[in-house]
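Q: If you count by numbering that gives the first Met the number 0, then the sequence shown holds residues 0 to 88, one letter each, in order.
Submitted below is the structure of interest, expressed as structure tokens.
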Amino acid sequence: MTVIETEYTLKLPRTSFTPGTYTFVSDNAGKITHALSVDGPGVRDARTKDIPAGHSATVTVTLAKGTYDVYCPVDSHRQMGMNQHIRVG
0 MTVIETEYTL
10 KLPRTSFTPG
20 TYTFVSDNAG
30 KITHALSVDG
40 PGVRDARTKD
50 IPAGHSATVT
60 VTLAKGTYDV
70 YCPVDSHRQM
80 GMNQHIRVG
């Protein structure tokens with residue numbers, strides 16, 4: 000599952016999932032450093048390392064039924080719009 004990160008948006012190919020284990024590939028297509036974090040039922044602050052512009056990193060999580068936040072944890076990027084909600088179920 001590839002997530003495209005730019006200033007200041009996240010683009011996911013979908014926001015609805017069935018329960019299971021997923022690897023999110025965060026592709027930093029922006030000009031500054033980003034990262035990717037996932038929080039939700041049973042998952043707390045699973046995240047990539049900081050990702051320089053033009054690079055990518057992965058985070059693997061097991062998603063149970065519920066709602067999750069997928070966001071950039073760098074500085075105030077989340078508050079600036081780099082936050083998506085996904086539903087599992």
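Every residue gets a Cβ at the ideal spot worked out from N, C-alpha and C, and that includes glycine.
Leaving out five residues on either side along the sequence, give the residues of the same chain with a beta carbon under 8 Å from the beta carbon of arginine 46.
A: Result list for arginine 46: Ala34, Leu35, Ser36, Val37, Val58, Pro72, in chain order.
Q: Contact defined as beta carbons within less than 8 Å: I believe methionine 81 pairs with tyrosine 21. What is the distance between those atoms, to the nearest angstrom?
A: No, methionine 81 and tyrosine 21 are not in contact; Cβ-Cβ is about 19 Å, not under 8 Å.
Q: Please check the pair serine 15 and arginine 86, which I expect to be a contact at CB under 8 Å, by giving their CB distance rounded to whole angstroms.
A: Indeed they touch by this definition, with Cβ atoms about 5 Å apart.
Q: Looking only at its chain, what residues have a beta carbon closer than 8 Å to the beta carbon of proline 12, apart from the 5 residues adjacent to it on each side?
A: For proline 12, where only same-chain residues beyond five positions count, the Cβ hits under 8 Å are Met0, Thr1.
Q: For a minimum of 3 consecutive residues, which ranges assigned as the beta strand (DSSP E) are wholly contained in the region 2–79?
A: Counting whole runs of 3 or more residues, the region 2–79 contains the beta strand (DSSP E) stretches 8–10, 19–27, 36–39, 42–46, 55–62, 65–70.
Q: So, at 8 Å on beta carbons, what are the nonlocal neighbours of histidine 84 in its own chain, with the 5 sequence-adjacent residues on each side left out?
A: Excluding sequence neighbours, histidine 84 sits near Thr14, Thr66, Tyr67, Asp68, Val69.
Q: Under 9 Å, do proline 40 and alanine 63 count as touching if we go by C-beta distance?
A: A contact, by the Cβ cut-off of 9 Å.
Q: Would glycine 19 and alanine 52 qualify as a contact pair, given that the criterion is a beta-carbon distance under 9 Å?
A: Result no, Cβ atoms of glycine 19 and alanine 52 do not sit closer than 9 Å.
Q: With distance defined between alpha-carbon atoms, name the residue in Thr17, Gly88, Lys48 nearest to threonine 32.
A: Looking at the Cα atoms, Lys48 is the closest of the given residues.
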